[in-house]
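Chemist:
Protein chains in written order, with our numbering: chain Z, 136 to 408; chain C, 136 to 408; chain R, 136 to 408; chain V, 136 to 408.
Have a look at this one:
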């Protein structure tokens, strides 16, 4: 296992379209350390799950000091968190977080991710300049059709050429272009102006942290709508990671395949838009 | 007065570049209704300011029931809110809000606006389809140079042509194009894929609501950095509206002109990034 | 009409229990100013509702530039916002806010209100010192029984006496008490320590601002649970004000009477805890 | 080491005042897992710190893909995060969280903690009923004076007696009291009404999760004001834990002793209220 999940297929070699679609790596998550002075069955309180699942159960039990486990249905972590999800006591899922490093995210998809206000996001700065020029993420529906792929390739090449041409005039020092420009800008201003011709398919990187409640909200909104292919595919990839990390906190989501080969996830417990 | 502020200059007629830069209209704001049973100098408590400025003072005085005005320096609304700003008691500025309708906002700038997590934003849906094709916002630095303008015009024309070509195949019914496509998508999926070639200069509309504290934070971050021309110009335009709406809540910001003709705003009371 | 809503019944004269239960006044709200350059049926776009209801509709229509009204069911503001509530597009309700001045709120209830993280709250400072001593809010179930009322009265009198006795030693200058105290504190520290014996029934004042979405969440959580009398009664009182202010944004909530004479509100569209 | 920090001194045995002041245990925190495909000096990128400090550095470097370490001052984690703090790029500190289990927190202090809106909090339910009756936290300034201590003890005993007397009538089944009450309530309603006589010194438990930026804000506001002894002492205790957990993210805070023996913390980089 590589620890890297790919959200969509890969691009051919030797082309400007270098980014093969979002890659998803879990780079941070919560761990649980039971306090030594909370009583358990024998000695310190503990449970039969790790990390974020355990922390959520601990927080839930702290609300009633219900450290003993009188009810069989909720005596283990899976049963306890299932009950939490059923009754909607989602606040206890806020104590556990997961951080993903997402690369190769098209700017159009990144704009959707950063709108989730409960996430904390660090994004690749537009000031960062890849030496090879802008990286591009091709939509799967375009890549699947040779004619569309060629048309897309031409469009992103045109955009890259325009970007370089604007930058050469606006930032001659940075781009090595002609001096004597009438309206010299700072390097950052120049790149900002030149970037205006870059396509929405341009790739960016995101470090995104959310607590489990926020991730459930994100998956519940984004992995479920057949109409949004790109962000849905990303959301399902993230969900697979979350279900490995915290199986009981995300146990209610089911992943299924659509006729077009893409995946979709849904939960009977996610009721709101 | 038209009630419409233009953030940057206008485009020539007959070109694809139809959006003349962000336009800013105040479409919503808070008003204050003094409660009949809070005592003032004669009868009900009142102050010498209106709307959001008055509401902020009311909230501040409610924390101490300091309805009388014993201290001359803070006896009027201007003095009271100046004191609030000096001591950083900014929570009272959260009770008053302002809502702007922003049109002609390039997607690159919109992405910066929606990242402010304390704003509430309604954005023009990508599903909305302008009949005349995508609207484009030209950067001021590009528009100022005829050669750059021509290069920019060509780039956005190329992108519009590619968008139309992709859409014709992906959504033949919607775009009136050829039938028999191998991989038919829903109309929304088709537009999502085709949009990937649109430039970041594509215009969108935003309805943005923030409370005064959030707007102060936005202006303090965005109107002050010489490097970010487009969002700085927008932030200064919004500040001018806010200073008309609530002069005492934004009294500390000073607007000045940079050598390149653009404006910048700063306040000695904004200390954090 | 006085503009003051009382959430619960009143106390007898001449007793320490001076606060008759929370009083609710609307002191701030959003108004809508249609932009002059958005087209309507004749001239500027407008609608058949005012203030926050209108602003929410404007924000919703801005997402599609659907200024014309082709669909009869959503052609007026009531129908449009009913559709918004049905499909859960609640983000457009975030643009409109309402601010309430609540006085006579027991500290136990205030703690529940301030936990709603999307509210902005200004609270009466503990440093504020009512000349007549702490104000007390008697629970309705206690006030209804003469024996319980007498027991409650004795308890709050005991607490007030203990508070005064502690303060006399800890802050002799402020309280006029004996000098020579061994451990002199600042006046604020002294009141903080003395306050520890005050009962949860002690009254406070709150200025609370929320957008319509937040108020819907508050009402949906707090006006619906038969078990929480005090905050439920407050939430229903606030709902009545909101339904006067913005009838279409809160049209789905129905208020009913419980056997014990208190009120409860519910909506079929509020599904989550 | 016990893993339990005590914020203030302990109460005598055999008294109702059982809670010795807030106890602080770190029960959850973020760990960092470097992605296998991000390049470092030799193989995978790594750094010379663990957990949250490392995750914050990773997020900061991801904004510029600055995985190599060209600048000596920021080549190690301590230097990098010092730079982050100096320039105020605090967003990268949002990726790392710490969760504390706080017990023995007086309700007056808990109300201050839960007002920090960026925290996630699970609080001991008022429905939880300690068999021994309400637990009480005595203010340090009161405990230090035998006369005040006796007066405080009497006051909390009076309150406990009143609580029991009200509960006996309101909830005879639960409390074992007389039947035939005229106005029978649910058990929860009865406890809610009876609780109104409990003092603010009543203890509660909190599970509080915040990211490092939120904890810095909390410590910056609460550990610094000499006037607020109880929450200041708690904030300093939490800071000590945070400085053990993530020394570089909290390196700028200095803890010092006040003349009264309590501690205070301050940082030259915390400038706002």
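In this text, a Cβ means the ideal position worked out from N, Cα and C, and glycines have one as well.
Out of R:171, R:163, R:212 and R:231, which has the shortest C-alpha to C-alpha gap to residue 184 (chain R)?
Modeler: R:212
Chemist: Excluding five sequence neighbours on each side, which residues of the same chain lie with their C-beta closer than 7 Å to the C-beta of residue 395 (chain V)?
Modeler: Excluding five sequence positions before and after residue 395 (chain V), none of the CB atoms of its chain fall closer than 7 Å to its own CB.
Chemist: Under 7 Å between the Cβ atoms of residue 268 (chain Z) and residue 295 (chain Z)?
Modeler: yes
Chemist: Given residue 169 (chain Z), which residues of its chain have a CB within under 6 Å of its CB, disregarding the five upstream and five downstream residues?
Modeler: 179, 180 and 181
Chemist: Check for me: the alpha helix (DSSP H) holding residue 352 (chain Z) runs from which residue to which?
Modeler: Per DSSP, residue 352 (chain Z) belongs to the alpha helix (DSSP H) from 347-357.
Chemist: Check for me: the beta strand (DSSP E) holding residue 167 (chain R) runs from which residue to which?
Modeler: 158-167
Chemist: Flag residue 81 (chain Z) as yes if its beta-carbon sits less than 7 Å from any beta-carbon of chain V, otherwise no.
Modeler: As displayed, chain Z neither begins before 136 nor continues past 408, which places residue 81 (chain Z) out of reach and without an answer.
Chemist: Please classify residue 199 (chain V) as buried or exposed, where buried requires at least 16 neighbouring CB atoms within 10 angstroms.
Modeler: exposed
Chemist: Mind listing which residues of the stretch 260-277 of chain V have their C-beta closer than 7 Å to chain Z's C-betas, in chain order?
Modeler: Per Cβ criterion, the list reads 260 and 263.
Chemist: Hey, could you find the ends of the beta strand (DSSP E) residue 256 (chain C) is sitting in?
Modeler: Residues 255-258.
Chemist: Please classify residue 219 (chain Z): does DSSP put it in a helix, a strand, or coil?
Modeler: helix
Chemist: Of the choices R:177, R:326, R:286 and R:382, whose alpha-carbon is the least far from that of residue 265 (chain R)?
Modeler: Here the closest residue by C-alpha is R:326.
Chemist: In whole angstroms, what is the alpha-carbon distance linking residue 195 (chain Z) and residue 356 (chain Z)?
Modeler: 25 Å
Chemist: Just by C-beta distance, which residues in the stretch 157-181 of chain V are closer than 9 Å to chain Z?
Modeler: 158, 160, 161, 162, 163, 164, 165, 166, 167, 168, 169, 170, 171, 172 and 173
Chemist: Using a Cβ-Cβ cutoff of 8 Å, what residues of the stretch 192-211 of chain R are near chain C? List them in chain order.
Modeler: 193, 194, 195, 197, 198, 199 and 200
Chemist: Using a C-beta to C-beta distance shorter than 7 Å, which residues of chain Z count as neighbours of residue 229 (chain C)?
Modeler: For residue 229 (chain C), no chain Z residue has a Cβ inside 7 Å of its Cβ, as the nearest lies near 16 Å away.
Chemist: Looking only at its own chain, which residues have a Cβ that is under 6 Å from the Cβ of residue 312 (chain V), when we skip the five neighbours before and after it?
Modeler: Reliability fails at residue 312 (chain V), whose pLDDT of 42 lies under 50, so the model's placement of it is uncertain and the value that follows must be treated cautiously. Hits under 6 Å: 303.
Chemist: Would you grab the beta carbon distance between residue 335 (chain V) and residue 187 (chain V) for me? Rounded to a whole angstrom, and I think it's under 8 Å.
Modeler: 34 Å between Cβ atoms; not a contact.
Chemist: Closer than 7 Å, CB to CB, is residue 346 (chain R) near chain V or not?
Modeler: no
Chemist: If we define contact as Cβ-Cβ less than 7 Å, is residue 394 (chain C) a contact residue for chain Z?
Modeler: At a cut-off of 7 Å, the C-beta of residue 394 (chain C) has no neighbouring C-beta in chain Z.
Chemist: According to a CB-to-CB cut-off of less than 9 Å, which residues of the stretch 286-313 of chain V neighbour chain A?
Modeler: Among the protein chains of the structure shown, namely Z, C, R and V, there is no chain A.
Chemist: I'd like to know whether the C-beta of residue 190 (chain R) is nearer than 7 Å to at least one C-beta of chain C.
Modeler: Chain C places a beta carbon closer than 7 Å to that of residue 190 (chain R), counting this residue as a contact.
Chemist: So, is the C-beta of residue 255 (chain C) closer than 7 Å to a C-beta in chain Z?
Modeler: Answer no: the Cβ-Cβ gap between residue 255 (chain C) and chain Z never drops below 7 Å.
Chemist: Check whether the Cβ of residue 378 (chain C) lies closer than 7 Å to any Cβ atom in chain Z.
Modeler: no
Chemist: Counting only the same chain and skipping the five closest in sequence on each side, list residues whose C-beta sits under 6 Å from that of residue 208 (chain Z).
Modeler: 214
Chemist: Using C-beta distances below 6 Å, list every residue in its chain close to residue 370 (chain R), excluding the 5 sequence neighbours before and after it, in chain order.
Modeler: 354, 357 and 358
Chemist: Would you say residue 249 (chain R) lies against chain V (beta-carbon separation less than 7 Å)?
Modeler: Closer than 7 Å: yes.
Chemist: Considering just the uninterrupted stretch of the beta strand (DSSP E) at residue 187 (chain R), what are its terminal residues?
Modeler: Where residue 187 (chain R) is concerned, there is no enclosing beta strand (DSSP E), although the alpha helix (DSSP H) it sits in stretches over 186-197.
Chemist: Apart from the five residues on each side of it in sequence, which residues of its chain come closer than 7 Å, Cβ to Cβ, to residue 227 (chain R)?
Modeler: 191, 194, 195 and 219
Chemist: May I ask you to report which of helix, strand or coil DSSP gives residue 338 (chain C)?
Modeler: strand
Chemist: For chain R, is any of its Cβ atoms less than 7 Å away from the one on residue 339 (chain C)?
Modeler: No - not a single Cβ of chain R is within 7 Å of the one on residue 339 (chain C).
Chemist: Residue 236 (chain Z) bridges to which residues according to DSSP?
Modeler: The partner list for residue 236 (chain Z) (beta bridge, DSSP) reads Z:160 and Z:342.
Chemist: Taking only three categories from DSSP, how would you classify residue 438 (chain V)?
Modeler: Examination of residue 438 (chain V) is not possible in this model, given that chain V is present from 136 through 408 alone.
Chemist: For residue 280 (chain Z) and residue 253 (chain R), I'd like the C-alpha separation in whole angstroms.
Modeler: 47 Å
Chemist: Is there a Cβ of chain C sitting closer than 7 Å to that of residue 236 (chain R), yes or no?
Modeler: yes
Chemist: Of all the options V:175, V:247, V:386 and V:249, which has the alpha carbon lying nearest to the alpha carbon of residue 221 (chain V)?
Modeler: V:386
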